[in-house]
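Peer 1:
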Amino acid sequence: MRHPLTRFTALIAATLVLLGAAPAFAQHFEQGLKDPRIMSPVGLGPTYSGLTGAGVGLVSKKPQYGVAAGDFIIQPRLFLEGSYQSNFFRVDTRNADPEGAMTLHLRPGVALFNPQFDKVAVSLGLDVDVFVPVSSNEAVTNQTNVGGNAKLAVALFPKSALTLTLNEHFNRTIWMRPTTSSNANRNWNRVGADISFHPGGRALDFALGYAYDLISYDELGDLDNDQHNVRFLASWRFYPMTYAFLEATAGFLDYKRTASAEEVARAGNYVPGTPVKVYAGLSGYVTERLALLVRAGYGNSLLDRDPADFSSFIGQLQLSYRISEKTVIHAGVARDFELTPLGGYMEYIRAYASFTQRLGELAELHADFGYDIRSFGEWVPAPRADINVSNPVASDAERSEGYIRAGVLIDFDLSRLFGVTVGYRYEGILSDFSITDSGATRFVAYDDHRVYASLNLRY
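276 is the number that the numbering used here gives to position 228 of the sequence shown; each next residue is one higher, with no gaps.
(1) First and last residue of the alpha helix (DSSP H) that includes E186?
(2) Please determine if the segment 159-176 and the segment 251-270 are in contact, where contact requires at least 3 C-beta pairs separated by less than 8 Å.
(3) Could you check whether the segment 142-151 touches the segment 176-185, counting it as contact only if at least three pairs of C-beta atoms, one from each stretch, sit closer than 8 Å?
(4) From R432 to G195, what does the alpha carbon distance come to, in whole angstroms?
(5) Over the uninterrupted alpha helix (DSSP H) stretch that includes A313, give me the two end residues.
(6) Along the chain, where does the beta strand (DSSP E) containing W236 start, and where does it finish?
(7) Let me make sure I understand the geometry here. Which of G347, G329, A307 and A454 has the alpha-carbon closest to that of L340?
(8) Taking the alpha-carbon positions, what's the A379 to H414 distance?
(9) Contact between the segment 318-332 and the segment 442-454 is defined here as three or more beta-carbon pairs at a separation below 8 Å; is this criterion met?
(10) CB-CB under 8 Å to H302, same chain, minus the five flanking residues each way: which ones, in chain order?
(11) Thinking Y400 and F385 are a contact (beta carbons under 8 Å), I'd like their distance in whole angstroms, please.
(12) Helix or strand or just coil, what does DSSP make of G269?
(13) Under 8 Å, with one C-beta from each stretch per pair, do the segment 424-431 and the segment 461-468 reach the 3-pair mark?
(14) Between D175 and the ligand SAM, is the CB less than 7 Å from at least one heavy atom?
(15) What are the residues that DSSP puts in a beta bridge with S548?
(16) Is A203 near T213, with beta carbons less than 8 Å apart?
(17) Whether or not the segment 221-237 and the segment 279-290 are in contact is what I'm after, with contact meaning three or more pairs of Cβ atoms, one per stretch, closer than 8 Å; do they touch?
(18) Spatial neighbours of A454 within its chain, please: CB distance less than 6 Å, with the 5 preceding and 5 following residues excluded, ordered by chain position.
(19) Between the segment 485-496 and the segment 127-143, are three or more C-beta pairs nearer than 8 Å?
(20) Pull up the distance between the alpha-carbon of A72 and that of L387, whole angstroms please.
(21) Where do the ends of the beta strand (DSSP E) carrying I222 lie?
(22) Taking 7 Å as the limit between beta carbons, can you name the residues of its chain near D266, skipping five residues before and five after?
(23) Helix, strand or coil: which one does DSSP assign to F127?
(24) Taking only the alpha-carbon atoms, compute the straight-line gap between H217 and D480 and give it to the nearest angstrom.
(25) Would you identify the three-state DSSP class for V170, choosing helix, strand or coil?
(26) Give the DSSP-derived three-state secondary structure of S502 in the structure shown.
(27) Helix, strand or coil, according to DSSP, for L200 in the structure here?
(28) What's the C-alpha gap between G299 and L410?
(29) Closest by CA to D145, which one among P226, D177 and F361?
(30) Taking the beta carbon of N504 as the centre, do at least 16 other beta carbons fall within 10 Å, making it buried, or is it exposed?
(31) Within 10 Å of its beta-carbon, does G471 have 16 or more other beta-carbons around it, so buried, or fewer, so exposed?
(32) Could I get the ranges of all uninterrupted alpha helix (DSSP H) runs contained in the segment 392-419, with 4 residues as the minimum, in chain order?
(33) Checking 8 Å against the spacing of the C-beta atoms, do S438 and E129 come in under that value?
(34) Measure the alpha-carbon distance for V324 versus D352 and round it to whole angstroms.
(35) Three-state secondary structure (DSSP) at K325?
(36) Between the Cα of A241 and the Cα atoms of P247, D485, N215 and A209, which residue gives the shortest distance?
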């Protein structure tokens, strides 16, 4: 039986589960024209399917497709996906029985770019996600909605010593919160510009960038925020595919809501901050088959008020080994942090691995696994102004948890026009953390199994 939740408790529970769904780290290696990148796809989750996902890390065998329109190539695509999700609302079994549901995704999209660019390079990608849950439960079917992703980049003078790149990225994510009353659909938009100076043979590169992020939720307005981001990157390619680099970033985050006096008096309630990170590192091939990424630095959350700041070492070590032209494996560990609305910040240690194997010319197998150990800053729920209403109580002022995501897929590239993907994903939060409100105790832990199949059409 489900206990009734106040709006506050539902908001808190949704917030904490959303924090567990933050994107995992992915890092690429530049490898020249033949094989442009190696990436760890851990954390891409259910969207890692079809032609746009599988195959990362191996020399591309995908057919060239698209329609020529002057200097541009237009690539229409359509993904039709059906899946079964074991825990649609991501609830803990200590609160309720998980609700299983079938879901359908209709994902039409198009890409546009000019491959033979000279003074201007343009790249556009647009994908819509029509999400349709299928269930006898009206609370599930009410989550029918539309998400999507759009990216635009325009590079001016890409072949010159000085390059200016303008970019726009919008992403709408459909996300179920741990209650059947509403959703946690998120709208994220980033607009920015980067200027890069790469003199001579481009062994040296200096880049300065700015981006403005705006995040808003359909029904969780207390989480709305914006952030100004600045970034400096200097790199030196001292071997053809090996770089040394220095990177510094700073963000200026603020919440749209104004914190009440009660929230300000308690630690960790919607605290603005200025996260700063500085790295030095090395990225590239050590041998013809072994690639290395190592970076080490310092990070500080620089919060405006309590809790105490995160101020510590951050870094990453990743190894990528190409066993053959058809087999590649990645493994890595990272330590980092990010700001959160409850607790001020979340720090984590992340271990991950992935494996990709091409099966002949028609199929590709991919498997990945990642595990986070997460710790949050101090958070004390603010008391309510109404003395006749009980106040929420957190089981621990400093929350910690484990976060797991893993999966396997096989991508069949059957012809130039279409392919098929089948796969399985698992996601879970391991935690005893809970919030008690109005006599009801809500745990934030959950686990969710998902199996899916998609038909991938392109022209």
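Think of the CB as a built atom: it goes at the ideal place given N, C-alpha and C, for glycine as much as any other residue.
The structure displayed is predicted, hence computed values, not measured ones.
Peer 2: According to the data block:
(1) E186 to T189
(2) no
(3) yes
(4) 35 Å
(5) A309 to A313
(6) R234 to F245
(7) G329
(8) 14 Å
(9) no
(10) Note on residue identity: the sequence assigns Asp, not His, to residue 302. So the qualifying residues of the chain are N273, D274, Q275 and P320.
(11) In fact, because the Cβ distance is near 17 Å, the residues do not count as touching under 8 Å.
(12) helix
(13) no
(14) For the ligand SAM, the structure offers nothing, since it holds no ligand at all.
(15) Since the first and last residues shown for the chain are 49 and 507, residue 548 lies out of range.
(16) yes
(17) no
(18) F417 and Y474
(19) yes
(20) Any reading at A72 needs caution, since the residue's pLDDT is 27, under 50, leaving its predicted position unreliable; the model's value is listed next. One C-alpha to the other measures close to 15 Å.
(21) Premise fails: I222 is in no beta strand (DSSP E) and is neither H nor E.
(22) N231 and N233
(23) strand
(24) 36 Å
(25) strand
(26) strand
(27) strand
(28) 44 Å
(29) P226
(30) buried
(31) buried
(32) none
(33) no
(34) 13 Å
(35) strand
(36) N215
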